[in-house]
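One structure is given below, encoded as structure tokens.
Protein chains: 2
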Amino acid sequence: MKNEYQPLTATLLDTLATIVGPDNLSTAEADRSQRAFDVSSHTPRLSDVVVWPQTADQVAAVLKFANEQQIPVTAWGAGTSVEGNPIPLFGGILLSTEKMNAVIQVHADDLQVTVEAGKKYKELNQELEPLGLFFPPDPGGDATIGGMLANNAAGPKAVKYGACKDNVLRCQVALADGRIIQVGSRSIKQSSGYDLLHLFVGSEGTLGVITEATLKLLPLPKYVSAVVASFDAVGAAVQAVVKIKGGGLDPAALEFIDAQTIAMINTVGGLSLDHNHTLFMEFHATHESALHLGLERVKQICTELGARTFTATTDPAERKKLWYGRHHAYDYAQEYYVDKKLLTLDAAIPISHYPAIVEQIEQSLSKHNVAGHMLGHAGDGNMHVLLPYDDSNYGRAVAFHKELIQRALELGGTATGEHGVGIGKVGYMRQEHGPALDVMRSIKQTLDPNNILNPGKIFPGERTSS
Amino acid sequence: MKNEYQPLTATLLDTLATIVGPDNLSTAEADRSQRAFDVSSHTPRLSDVVVWPQTADQVAAVLKFANEQQIPVTAWGAGTSVEGNPIPLFGGILLSTEKMNAVIQVHADDLQVTVEAGKKYKELNQELEPLGLFFPPDPGGDATIGGMLANNAAGPKAVKYGACKDNVLRCQVALADGRIIQVGSRSIKQSSGYDLLHLFVGSEGTLGVITEATLKLLPLPKYVSAVVASFDAVGAAVQAVVKIKGGGLDPAALEFIDAQTIAMINTVGGLSLDHNHTLFMEFHATHESALHLGLERVKQICTELGARTFTATTDPAERKKLWYGRHHAYDYAQEYYVDKKLLTLDAAIPISHYPAIVEQIEQSLSKHNVAGHMLGHAGDGNMHVLLPYDDSNYGRAVAFHKELIQRALELGGTATGEHGVGIGKVGYMRQEHGPALDVMRSIKQTLDPNNILNPGKIFPGERTSS
Numbered sequence: 000m001k002n003e004y005q006p007l008t009a010t011l012l013d014t015l016a017t018i019v020g021p022d023n024l025s026t027a028e029a030d031r032s033q034r035a036f037d038v039s040s041h042t043p044r045l046s047d048v049v050v051w052p053q054t055a056d057q058v059a060a061v062l063k064f065a066n067e068q069q070i071p072v073t074a075w076g077a078g079t080s081v082e083g084n085p086i087p088l089f090g091g092i093l094l095s096t097e098k099m100n101a102v103i104q105v106h107a108d109d110l111q112v113t114v115e116a117g118k119k120y121k122e123l124n125q126e127l128e129p130l131g132l133f134f135p136p137d138p139g140g141d142a143t144i145g146g147m148l149a150n151n152a153a154g155p156k157a158v159k160y161g162a163c164k165d166n167v168l169r170c171q172v173a174l175a176d177g178r179i180i181q182v183g184s185r186s187i188k189q190s191s192g193y194d195l196l197h198l199f200v201g202s203e204g205t206l207g208v209i210t211e212a213t214l215k216l217l218p219l220p221k222y223v224s225a226v227v228a229s230f231d232a233v234g235a236a237v238q239a240v241v242k243i244k245g246g247g248l249d250p251a252a253l254e255f256i257d258a259q260t261i262a263m264i265n266t267v268g269g270l271s272l273d274h275n276h277t278l279f280m281e282f283h284a285t286h287e288s289a290l291h292l293g294l295e296r297v298k299q300i301c302t303e304l305g306a307r308t309f310t311a312t313t314d315p316a317e318r319k320k321l322w323y324g325r326h327h328a329y330d331y332a333q334e335y336y337v338d339k340k341l342l343t344l345d346a347a348i349p350i351s352h353y354p355a356i357v358e359q360i361e362q363s364l365s366k367h368n369v370a371g372h373m374l375g376h377a378g379d380g381n382m383h384v385l386l387p388y389d390d391s392n393y394g395r396a397v398a399f400h401k402e403l404i405q406r407a408l409e410l411g412g413t414a415t416g417e418h419g420v421g422i423g424k425v426g427y428m429r430q431e432h433g434p435a436l437d438v439m440r441s442i443k444q445t446l447d448p449n450n451i452l453n454p455g456k457i458f459p460g461e462r463t464s465s
Numbered sequence: 000m001k002n003e004y005q006p007l008t009a010t011l012l013d014t015l016a017t018i019v020g021p022d023n024l025s026t027a028e029a030d031r032s033q034r035a036f037d038v039s040s041h042t043p044r045l046s047d048v049v050v051w052p053q054t055a056d057q058v059a060a061v062l063k064f065a066n067e068q069q070i071p072v073t074a075w076g077a078g079t080s081v082e083g084n085p086i087p088l089f090g091g092i093l094l095s096t097e098k099m100n101a102v103i104q105v106h107a108d109d110l111q112v113t114v115e116a117g118k119k120y121k122e123l124n125q126e127l128e129p130l131g132l133f134f135p136p137d138p139g140g141d142a143t144i145g146g147m148l149a150n151n152a153a154g155p156k157a158v159k160y161g162a163c164k165d166n167v168l169r170c171q172v173a174l175a176d177g178r179i180i181q182v183g184s185r186s187i188k189q190s191s192g193y194d195l196l197h198l199f200v201g202s203e204g205t206l207g208v209i210t211e212a213t214l215k216l217l218p219l220p221k222y223v224s225a226v227v228a229s230f231d232a233v234g235a236a237v238q239a240v241v242k243i244k245g246g247g248l249d250p251a252a253l254e255f256i257d258a259q260t261i262a263m264i265n266t267v268g269g270l271s272l273d274h275n276h277t278l279f280m281e282f283h284a285t286h287e288s289a290l291h292l293g294l295e296r297v298k299q300i301c302t303e304l305g306a307r308t309f310t311a312t313t314d315p316a317e318r319k320k321l322w323y324g325r326h327h328a329y330d331y332a333q334e335y336y337v338d339k340k341l342l343t344l345d346a347a348i349p350i351s352h353y354p355a356i357v358e359q360i361e362q363s364l365s366k367h368n369v370a371g372h373m374l375g376h377a378g379d380g381n382m383h384v385l386l387p388y389d390d391s392n393y394g395r396a397v398a399f400h401k402e403l404i405q406r407a408l409e410l411g412g413t414a415t416g417e418h419g420v421g422i423g424k425v426g427y428m429r430q431e432h433g434p435a436l437d438v439m440r441s442i443k444q445t446l447d448p449n450n451i452l453n454p455g456k457i458f459p460g461e462r463t464s465s
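These protein sequence lines map, in sequence, to chains P and F.
Its first residue numbered 0, the first sequence is counted upward by one per residue in numbering that gives the first Met the number 0.
Its first residue numbered 0, the second sequence is counted upward by one per residue in numbering that gives the first Met the number 0.
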């Protein structure tokens, strides 16, 4: 795919300024350098100009202009991604959605909301709270809806509520040639032609720029419980996960932390969690009695599987306390490894293979002599490993990462469960997708023949016949 | 798009027989005429040959051969579709998946099953029952998994469990050029490149042929209740739907039948349902107490909204009795209009617009002087109208249909909620999708440049510039 572009001359910058308005464009280094990196370890790269379009028409006009002039365009939400997804690898235009952050309409009766792409999800959920509604995906960072959709982001609650792709009904998308299309429908059901909605969701701004979205909302859970259970063996912990899901207990979060990470959490946080492999769980219910009956069954399952400890509560303050170690695990790791940076690795596999991936991680950490902490969304087979690194061990950390993804793919899993491909996972795409990668590439070439949209992402640098 | 093809000469038939084996090919009229129509009113069309490949490799080889020879190929599951989706409009090869009906593997711990495309979903669910698991989509007819996925089929339970697209994790797909690709992943979470899975699901065999799929399973519901509630006014019935969903009561079915149809059901079935707009509901729960608490809340909502009658039960025999009228509505209509055929119309809208679509249907039936019966999946905004027709009123029935879809589109809905585009909805695609239809077409041209895959479906006959 083409990756040689034209420079942004003064004349072209003037034209761009007429599209978005002079106040919505900046070549100042401060503006560009703030938007040159995400939270990953990938090398920052400056764009040549930042633009803040204020309407979908302006987004489309910027794309059309860039396409005609052969200038790369990288869409930008909040820079909270973790695989270098919005780093403008070839410079050019950084298209920020920061000024498109309106809630366009709440459709309360339909349990839907239509927002502009730059709206942040935490802010959205605060505004929806008085209506008793919420948008479930919870990636953690202060992400925008557009960025979350572009990366198909997810978080701990995905085990019950799904990822972004499961919680969106329609999008407005600006294409490279300046067309604006509507994909999906406000109708919950649609069986009308190709599902373009899910083609753009997760495409990381390489096929078009999402400008607006209608999201599914849910009633806020009425009753919530929290559980922490520890196990000697990973196998028993995973069997608990399997039985809890298979028993229809529908957990709202089902997190795994390995024993070594529990020790780190206890040390830094002054906590006294049982030093064993541990499951952190949350359950949501419409009735209090259902919550209690569910907890009884969960306790029975964990006890039968030999849980060393089992603590459950429905009290809001106690719940916070119980989950405190899990909630602060990332901060604790940063404190624990104060002189290092952290890699946050992401892989996902069928749940039944969780013991195999844990075994692989333990062996591989030991082999490469690197520290690593497992924080997994076990309920949906997603595994994160936090890897402290500096110059002294970066190479070994990378070698560990390669083995992790290799093993995940061998186990029928994926190179990325929720972080997206960005820069970091490009090298695994051929192995994961085989000839399906060529189909992805042919769709990319159809919609973005000049490869102006977020170039350098998703597709490895292999040359195609064209 | 191209729609002139080469004839299947004796030599070509010989080649085809070497691909699938002589026992898996037939030019007998009996075999072809059995596979020339679905359950819709669309005119049957004979293929030139039926083939029954037995492996994905054979499917791929048939497609490659057909692509090289410029022969249309229409995939066939069980012929239970309702928009002419698998009618071979241009003759050629009818590719039946009937002999590819194995359960490849049950992954019980992962709540998944991998099946060949020709497996029938009712049979699959019978086989899964001893494991306490089921595949939720329930379109009604004796459909194959491949056909259901190709049409993104759904049924009454979609309000809780989603349509086919929400219940599939990966597919194996044979492309027009003979490549076989894997799309999606057995990992529940995946954020790795473009979502090709959902591009093929719902594409009605126009982009490739699904040969195998890994489906999501759920634990069978432990406790089930049934409710029937009747209302004077559509608005009150819809408000009940909104409040039941907004209250987190998570109905497993939420069906609407208009008063006139209740009268027809009472007459034919000898039943005594209250002659009013009626909601039929079902709820699933893991605990009996949750079921009862839910029913109390549902009763409260319906009563506050002025329900004329409210009946609820958790007894299996009583449940069957309560839903008897709904379950047999289609049969009753066939009996009631014994000299006519039935059109089953399909549209879907945001739920809040249900009163508007009911009003439109009443006015439009009256205007065109046709009888019509509303059987809607109100919980997800899907509306079906059964329209008895014969030569005397077919034109008026078609005029009614046009107005129905027109109104659904005006209300932000879709021309088809669960039946697919097939032949019957082709004429609405431009209006529903606007320039997004051109994007669909460009993807079609990329993957099937010779337009051999199920030609005549989804895309209107407009000429493109190419």
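The C-beta atom is built at its ideal place from N, Cα and C for all residues, glycine as well.
- [ ] On a CA-only basis, which of P/T266, P/N381 and P/T113 is nearest P/T213? Give me that one, please.
- [x] Answer by Cα proximity: P/T113.
Open item on the list: For a cutoff of 8 Å on Cβ pairs, would you count P/Y350 as touching chain F?
Closed with: The sequence given here has Ile at residue 350 of chain P, not Tyr. For P/I350, the nearest CB of chain F lies under 8 Å from its own CB, placing it at the interface with that chain.
- [ ] Indicate whether at least one CB of chain F lies closer than 8 Å to the CB of P/R395.
- [x] The beta carbon of P/R395 sits no closer than 8 Å to any beta carbon of chain F.
- [ ] Step through the CB atoms of chain P and report whether any lies within less than 8 Å of the CB of F/H286.
- [x] At least one chain P Cβ lies under 8 Å of F/H286.
- [ ] Could you name the residues of chain F that P/T413 contacts, counting a contact when the two beta carbons are closer than 8 Å?
- [x] Contact of P/T413 with chain F by beta-carbon distance below 8 Å involves S184, S186, K188, Q189, S190 and S191.
Open item on the list: So F/N449 and F/Q69 are supposed to be a Cβ contact under 8 Å. How far apart are they, rounded?
Closed with: F/N449 to F/Q69, Cβ: 6 Å. Contact.
Open item on the list: Tell me the DSSP secondary structure of P/K340 in three-state form.
Closed with: Judged by DSSP in its simplified three-state form, P/K340 adopts strand.
Open item on the list: What does the Cβ neighbour count give for P/D390, buried or exposed, with the cut at 16 atoms within 10 Å?
Closed with: With fewer than 16 other Cβ atoms from the protein chains shown falling within 10 Å of its own Cβ, P/D390 counts as exposed.
Task: Min CB distance P/S202 to chain F below 8 Å - done: At least one CB atom of chain F sits nearer than 8 Å to the CB of P/S202.
TODO: Could you have a look at F/V369 and say whether DSSP puts it in helix, strand or coil?
DONE: If DSSP states are grouped into helix, strand and coil, F/V369 belongs with coil.
Task: Sheet register partners of P/P250 (DSSP bridge) - done: The bridge partners DSSP lists for P/P250 come to none.
Task: Where the beta strand (DSSP E) through P/S191 begins and ends - done: Counting along the chain, P/S191 falls outside any beta strand (DSSP E), and DSSP gives it neither H nor E.
Task: Interface residues of chain P facing F/E417 [CB-CB closer than 8 Å] - done: Those are K188 and S190, listed as they occur along chain P.
TODO: Spell out whether any CB of chain P is found under 8 Å from the CB atom of F/A55.
DONE: Taking 8 Å as the threshold, the shortest C-beta distance from F/A55 to chain P does not fall below it.
- [ ] Measure the C-alpha to C-alpha separation of P/P354 and P/A347 and round it to an integer number of angstroms.
- [x] Roughly 13 Å between the two C-alpha positions.
Open item on the list: Please tell me whether P/K195 has its Cβ less than 8 Å away from any Cβ of chain F.
Closed with: The amino acid at residue 195 of chain P is misidentified as Lys; the sequence shows Leu. Interface flag for P/L195 against chain F is set, since a Cβ pair is found closer than 8 Å.
Open item on the list: Give me the residue from P/L304, P/S288, P/D379 and P/T260 with the minimum Cα distance to P/Y336.
Closed with: The shortest Cα separation from P/Y336 among P/L304, P/S288, P/D379 and P/T260 belongs to P/T260.
Open item on the list: Quick check on DSSP: helix, strand or coil for F/P315?
Closed with: For F/P315, the secondary structure class from DSSP, reduced to helix, strand or coil, is helix.
Task: Simplified DSSP state of F/N381, which is helix, strand or coil - done: When DSSP states are grouped into helix, strand and coil, F/N381 belongs to the strand group.
Task: Reduced DSSP secondary structure (H/G/I, E/B, other) of F/S464 - done: Since pLDDT at F/S464 reaches only 33, below the 50 mark, its modelled position is unreliable, and the value read off the structure follows with that caveat. The three-state reading of DSSP puts F/S464 in coil, since its state is none of H, G, I, E or B.
- [ ] Please report the Cβ distance between P/L216 and P/L132, rounded to the nearest whole angstrom; I am assuming they are in contact, meaning their Cβ atoms lie under 8 Å.
- [x] With a contact defined as Cβ atoms closer than 8 Å, P/L216 and P/L132 qualify at about 4 Å.
Task: Which residues DSSP lists as bridging F/F230, in chain order - done: Bridge partners of F/F230: F/H276.
TODO: Go ahead and pull the three-state DSSP assignment for P/D345.
DONE: The three-state reading of DSSP puts P/D345 in strand, counting E and B together.
Open item on the list: Beta carbons nearer than 9 Å to chain F: which residues of the region 441-464 of chain P have them?
Closed with: The region 441-464 of chain P vs chain F, Cβ under 9 Å: S441, I442, K443, Q444, T445, L446, I457 and F458.
- [ ] With a 10 Å radius around its C-beta and 16 neighbouring C-beta atoms as the bar for buried, classify P/S32 as buried or exposed.
- [x] So P/S32 ends up on the exposed side.
Task: DSSP three-state assignment for P/H106, whether helix, strand or coil - done: Of the three classes helix, strand and coil, the one that applies to P/H106 here is strand, per DSSP.
Task: Status (buried if at least 16 other CB within 10 Å, exposed otherwise) for F/G154 - done: So F/G154 counts as buried.
Open item on the list: Between P/N166 and chain F, is the shortest Cβ-Cβ distance under 8 Å, so that the two count as touching?
Closed with: Cβ-Cβ to chain F under 8 Å: no for P/N166.
TODO: In angstroms with no decimal places, state the Cα-to-Cα distance between F/A157 and F/D231.
DONE: Using only the alpha carbons, I get a separation of about 26 Å.
- [ ] Check whether the Cβ of F/H327 lies closer than 8 Å to any Cβ atom in chain C.
- [x] Considering every chain present, this structure includes no chain C. Its protein chains are P and F.
- [ ] Please look up how many angstroms separate the CB atoms of P/V208 and P/T277, rounded, as I've assumed it's under 8 Å.
- [x] Going by Cβ atoms, the distance from P/V208 to P/T277 rounds to 41 Å, so no, they are not a contact pair.
Open item on the list: For F/H376, list the residues DSSP reports as bridge partners.
Closed with: Note: F/H376 sits in a beta bridge opposite F/N381.
- [ ] Report yes or no: is there a C-beta of chain P within less than 8 Å of the C-beta of F/L214?
- [x] With a threshold of 8 Å between beta carbons, F/L214 makes no contact with chain P.
Task: Stretch pair the region 403-416 of chain P + the region 338-347 of chain P: three plus CB contacts closer than 8 Å - done: Because the criterion of three Cβ pairs below 8 Å is met, the region 403-416 of chain P and the region 338-347 of chain P touch.
TODO: Give, in chain order, every residue of the region 373-392 of chain P whose Cβ lies closer than 7 Å to some Cβ of chain F.
DONE: Answer set for the region 373-392 of chain P: D379, G380 and N381.
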